[in-house]
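J.: Questions regarding the structure given below will be posed in turn.
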Amino acid sequence: MTADHSHSPAPTDAHAPGAAPHPEVHFPNWHTYKWVALILAVLTVAEVWIYYTPMKQTRLFAPALLTLSAIKFSIVVMFYMHLKYDAKIFRGLFLGPLAIAIIVLISLLFLFGHLSLHAT
Amino acid sequence: MATAAVAEHHADHHYTSTGLPHTKIAIWAFIGSECFFFASLISTYLIYKGRSVVGPFPHTAWTDPSTGQHFKAILNIPVTSASTFVLLMSSLAMVLAHSAVERSDHKWSRIWLATTALLGTTFLGFQAYEFTSFVHEGLKITTNLFGSTFFITTGFHGAHVTVGVLWLCTMLFIDMKRGLTPRDAINVDVMALYWHFVDVVWVAIFTLLYLIQ
Numbered sequence: 004m005t006a007d008h009s010h011s012p013a014p015t016d017a018h019a020p021g022a023a024p025h026p027e028v029h030f031p032n033w034h035t036y037k038w039v040a041l042i043l044a045v046l047t048v049a050e051v052w053i054y055y056t057p058m059k060q061t062r063l064f065a066p067a068l069l070t071l072s073a074i075k076f077s078i079v080v081m082f083y084m085h086l087k088y089d090a091k092i093f094r095g096l097f098l099g100p101l102a103i104a105i106i107v108l109i110s111l112l113f114l115f116g117h118l119s120l121h122a123t
Numbered sequence: 010m011a012t013a014a015v016a017e018h019h020a021d022h023h024y025t026s027t028g029l030p031h032t033k034i035a036i037w038a039f040i041g042s043e044c045f046f047f048a049s050l051i052s053t054y055l056i057y058k059g060r061s062v063v064g065p066f067p068h069t070a071w072t073d074p075s076t077g078q079h080f081k082a083i084l085n086i087p088v089t090s091a092s093t094f095v096l097l098m099s100s101l102a103m104v105l106a107h108s109a110v111e112r113s114d115h116k117w118s119r120i121w122l123a124t125t126a127l128l129g130t131t132f133l134g135f136q137a138y139e140f141t142s143f144v145h146e147g148l149k150i151t152t153n154l155f156g157s158t159f160f161i162t163t164g165f166h167g168a169h170v171t172v173g174v175l176w177l178c179t180m181l182f183i184d185m186k187r188g189l190t191p192r193d194a195i196n197v198d199v200m201a202l203y204w205h206f207v208d209v210v211w212v213a214i215f216t217l218l219y220l221i222q
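So the sequences go chain by chain: R and X.
One gets my numbering by counting positions in the first sequence from 1 and adding 3 to each.
One gets my numbering by counting positions in the second sequence from 1 and adding 9 to each.
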């Protein structure tokens with residue numbers, strides 16, 4: 004592929020009358036996307052590799068997989084969904100509901116006895 | 010005259026008082042609401058995890074005491090790993106399609122849009138194969154709690170992927186009909202956000218439903 008993948012700014016050059024000027028946003032280029040894809044592939048391989056190792060029997064198994072999954076999730080959201088580069092209001096619109104959803108999920112797991120603060 | 014031209018320009022882009030496009034704010038709000046939707050499905054799966062009275066089970070073999078029929082562990086991790094890789098690579102194709110549209114590079118925008126749609130369809134093919142093999146191995150949506158929660162969660166995700174593929178095909182059709190220009194980049198961006206969200210939901214589902222026992 005010989006095309007120049009340097010990214011043009013997002014189409015935020017027009018504003019409603021009276022709106023605060025919105026700075027130009029520069030999204031990542033092809034090289035960043037390529038490295039992100041490579042990292043995602045390596046992390047997926049690592050997840051599957053952990054699944055087939057004796058680590059599966061240890062207490063580190065679930066935390067390790069959850070950490071790798073969280074890293075993959077963050078990378079896609081930051082680079083492919085451009086949340087790292089885009090307007091801050093989008094972070095609020097996504098991270099607010101996501102935080103509430105995660106809190107509700109964890110609360111339900113405590114409520115139904117899958118997680119406990121006390122050893123049984 | 011100038012005022013009319015400015016008004017027409019603004020009406021065309023539909024910018025809000027924040028200086029951000031309506032469609033982009035709307036898709037992020039929608040994605041926020043989808044977080045609740047998928048969190049509720051995953052919560053239900055996790056709450057009922059390990060509480061099925063009869064098999065087949067996801068990670069362990071099971072023999073039906075009444076019939077003596079043997080059921081192997083139902084999940085096929087290598088196949089699901091391959092489909093996960095396919096979906097992750099579709100996200101790469103999606104960002105490259107968006108980038109090509111912003112450059113008015115019609116050739117590459119069509120190639121990457123078609124590639125993304127093809128990878129999405131491949132993922133759906135993997136899911137169809139998985140669902141079919143599960144049914145043949147004795148796991149249906151009514152078999153046990155695992156079957157109900159698993160098919161509902163992954164089925165709804167598959168429905169989202171299907172919507173994404175239809176959206177991609179529509180965009181590809183428009184691109185081939187009249188060519189997508191940088192003015193259309195915002196529409197491709199909105200579609201890309203939806204597609205990447207479907208991807209990150211699968212990242213969570215793959216770990217929570219498939220890998221963690």
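Positions of the beta carbon are idealized from the N, C-alpha and C atoms, including for glycine.
If you measure between the beta carbons of I53/R and A67/R, is that distance less than 8 Å?
T.: yes
J.: Quick one: is E111/X buried, meaning 16 or more other Cβ sit within 10 Å of its Cβ, or exposed?
T.: buried
J.: Which first and last residues belong to the alpha helix (DSSP H) in which N196/X is found?
T.: A194 to I214
J.: By alpha-carbon positions, which one of V63/X, V199/X and I221/X ends up nearest to M103/X?
T.: Nearest of V63/X, V199/X and I221/X to M103/X, Cα basis: V199/X.
J.: Measuring alpha carbon to alpha carbon, tell me which residue in T179/X, T162/X and A194/X is nearest F45/X.
T.: T162/X
J.: Nearest to L112/R by CA position, among T124/X, I56/X, A70/X and T72/X, is which residue?
T.: Comparing C-alpha distances from L112/R to each of T124/X, I56/X, A70/X and T72/X shows the shortest one belongs to I56/X.
J.: Spell out a yes or no on whether the region 178-188 of chain X and the region 115-126 of chain X are touching, meaning 3 or more CB-CB pairs, one atom from each, closer than 8 Å.
T.: yes
J.: State yes or no: is the C-beta of F135/X within less than 8 Å of the C-beta of A91/X?
T.: Cβ distance < 8 Å, so F135/X and A91/X count as in contact.
J.: Return the CA-CA distance between S52/X and L108/R, expressed in angstroms with no decimal places.
T.: 5 Å
J.: Could you tell me the boundaries of the alpha helix (DSSP H) in which T150/X lies?
T.: Here residue 150/X is Ile; the residue named in the question, Thr, does not match the sequence. Note, I150/X: premise wrong, no alpha helix (DSSP H); not H, not E.
J.: Starting from K91/R, follow the alpha helix (DSSP H) in both directions and report where the run begins and ends.
T.: Residues K91 to L114.
J.: Using a Cβ-Cβ cutoff of less than 7 Å, which residues in the same chain neighbour H145/X once the five nearest sequence positions on both sides are dropped?
T.: Contacts found: none.
J.: Just to check my reading of the structure: L128/X and V88/X have Cβ atoms closer than 8 Å, yes? What is that Cβ distance to the nearest angstrom?
T.: Their Cβ separation, rounded to whole angstroms, is 16 Å, which puts L128/X and V88/X out of contact at 8 Å.
J.: Just the Cα atoms here: how many angstroms apart are V170/X and L118/R?
T.: One C-alpha to the other measures close to 32 Å.
J.: Just to confirm, is the Cβ distance from Q222/X to H68/X under 8 Å?
T.: yes
J.: For I56/X and chain R, any beta-carbon pair shorter than 8 Å?
T.: I56/X counts as touching chain R.
J.: Tell whether a beta-carbon distance below 8 Å holds between Y219/X and I86/X.
T.: yes
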